[in-house]
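In what follows, a structure is listed as structure tokens, so that the remarks can point back to it.
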Amino acid sequence: MQLPDMNLLVALDALLDEGSVVGAAQRMNLSPAAMSRTLGRIRDALGDPILVRAGRGLVPTPRALALREQVSLLVEQAGQVFRSAEDVDLLNLDRAFNIRTNDLFIALYGAQLLRMMHEQAPRTVLRFVPESPGGDDDSVLRDGRTDLVISSSIDLAPEIKVQSLFHTFYVGLARRDHPIFDAEITPARFAAYPQISVSRRGRANGPIDVELANFKVQRRVALITPSFHSALFSLPDSDLILPMPANILNSVTKLGLPLRSFEIPVPLERVNVMQAWHPRFHSDPAHRWLRQTLKACCSVDP
2 MQLPDMNLLV ALDALLDEGS VVGAAQRMNL SPAAMSRTLG RIRDALGDPI LVRAGRGLVP
62 TPRALALREQ VSLLVEQAGQ VFRSAEDVDL LNLDRAFNIR TNDLFIALYG AQLLRMMHEQ
122 APRTVLRFVP ESPGGDDDSV LRDGRTDLVI SSSIDLAPEI KVQSLFHTFY VGLARRDHPI
182 FDAEITPARF AAYPQISVSR RGRANGPIDV ELANFKVQRR VALITPSFHS ALFSLPDSDL
242 ILPMPANILN SVTKLGLPLR SFEIPVPLER VNVMQAWHPR FHSDPAHRWL RQTLKACCSV
302 DP
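In the numbering used here, the protein residues as written are 2 to 303.
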């Protein structure tokens, strides 16, 4: 059986990823004219136009969208055939790693992770990608542009690989002279003050509310914000209470804000923070080094 031209597969991957003949040409070090001819050969081979004109740009056909993930995975697997299965030249590794996580993790481990990476691979770039309200972690990993997703609430497809990084638990945080500290902090007194919910999806309720219901009390979430740092600066001049992971308390202290922590008076499960990645990167030596470095970073007190 005659095998297809693998260069067409690589070109198709570039075209689908870039959505542009010019962009794909630049990626493959070809002229736009040469890439246009290659697109013509791809169209003949697949019997589909693949990319069609829409205004000044190009959009993929349904057939192209259906092939996108398969083509990307095949190109990645083909590349792994010609790479060492064991070793990577870290000193000369010129690669940007994209990690999707929240601002709390970046503040806690970002600088430390970069320092550990540059001790071995000084030419690497660390790019943190913010979480989005859509919660589409599956598609973010599948498209190959994101190396890792780090989260405590990962609900992913079965093929996605995951590894636990560390465990933490939630504490309450309020201004230092908050009236909640004037007496014993019971579930009723805890729920009596307005609170902040940090949620990228805009959710007000969570495990705390489930546990408070067992005590026949309900809290009022007065502020919902997508990041912990914006929530922190809402505390000093208000009666708001912020539940937050305990492992960030040292960093909060360094900010010099007049805040004080306390134990939340209901039983809460410990939070498991994990890293997740697509199987296409599982055997990639550079990616494996990144995962190992990140795991080691999270094993050291920040």
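Backbone N, C-alpha and C fix where the C-beta goes; we use that ideal spot for every residue, glycine too.
Since the structure is predicted, the reported quantities are computational estimates derived from the model, not experimental observations.
- Annotation for GLY173: the continuous beta strand (DSSP E) segment containing it runs 171-176.
- The continuous beta strand (DSSP E) containing PRO131 extends over residues 126-131.
- Straight-line spacing of the CA atoms in CYS298 and ARG289 works out to 14 Å.
- The C-alpha of LEU114 is placed about 17 Å away from the C-alpha of ASN251.
- Between ARG176 and LEU105, the C-beta gap is not smaller than 9 Å, which leaves the two residues out of contact.
- The beta-bridge partner set that DSSP reports for LEU157 is empty.
- Judged by their CB atoms, GLY173 and LEU243 are nearer to each other than the 9 Å cut-off.
- Residues ALA277, TRP278, PRO280, HIS283 of the same chain have their beta carbon placed closer than 7 Å to that of LYS162, with the five preceding and five following residues left out of the count.
- Going by beta carbons, TYR194 and ILE265 fall outside the 9 Å limit.
- Every beta strand (DSSP E) of 3 residues or more that sits fully in the region 16-65 is shown, in chain order, as 52-55, 58-61.
- Apart from the 5 residues on each side of it in sequence, ASP14 sits with its Cβ closer than 6 Å to the Cβ of VAL72, SER73, VAL76 in its chain, given in chain order.
- Contact between SER21 and LEU47 does not hold, since the beta-carbon distance rounds to 19 Å and is not under 8 Å.
- For ALA277, the enclosing beta strand (DSSP E) starts and ends at 272-278.
- DSSP lists GLN196 as the beta-bridge partner residues of ILE242.
- Taking a C-beta distance under 9 Å as the contact criterion, VAL267 and PHE182 do not qualify as a contact pair.
- Counted as a single uninterrupted DSSP element, the beta strand (DSSP E) harbouring SER152 occupies residues 149-152.
- VAL199 and THR125 have their alpha carbons spaced roughly 32 Å apart.
- Of the other Cβ atoms in all chains shown, fewer than 16 fall within 10 Å of the Cβ of ASN93; this residue is therefore exposed.
- Classified as buried, THR147 has 16 or more neighbouring CB atoms from the shown chains inside 10 Å of its CB.
- Sorting LEU291, LEU256, ALA247, HIS179 by C-alpha distance to the C-alpha of LEU241 places HIS179 at the top.
- Residues ALA25, ARG28 of the same chain have their beta carbon placed closer than 7 Å to that of GLU19, with the five preceding and five following residues left out of the count.
- Apart from sequence neighbours up to five positions away, the residues of its chain that approach GLU212 with a beta-carbon distance below 7 Å are VAL267, PRO268, LEU269, ordered along the chain.
- Each residue's CA atom was taken as its position, placing GLY145 and ARG69 some 11 Å apart.
- Within the same chain, LEU114, MET117, MET118, GLN121 come within 8 Å of THR294 by CB-CB distance, once the 5 residues on both sides are set aside.
- By the 16-neighbour rule on beta-carbons within 10 angstroms, ASP95 is exposed.
- Per DSSP, the beta-bridge partners of ASN99 are ARG128.
- Taking each of ASN206, ASP238, ALA214, LEU10 in turn and checking the Cα distance to THR226, the smallest one comes out for ASN206.
- With a beta-carbon spacing of about 15 Å, MET275 and LEU109 fall beyond the 8 Å limit used to define contacts.
- The three-state reading of DSSP puts PHE216 in coil, since its state is none of H, G, I, E or B.
- Counting other Cβ atoms within 10 Å of its Cβ, THR254 stays below 16 and is therefore classed as exposed.
- For SER262, the enclosing beta strand (DSSP E) covers residues 260-263.
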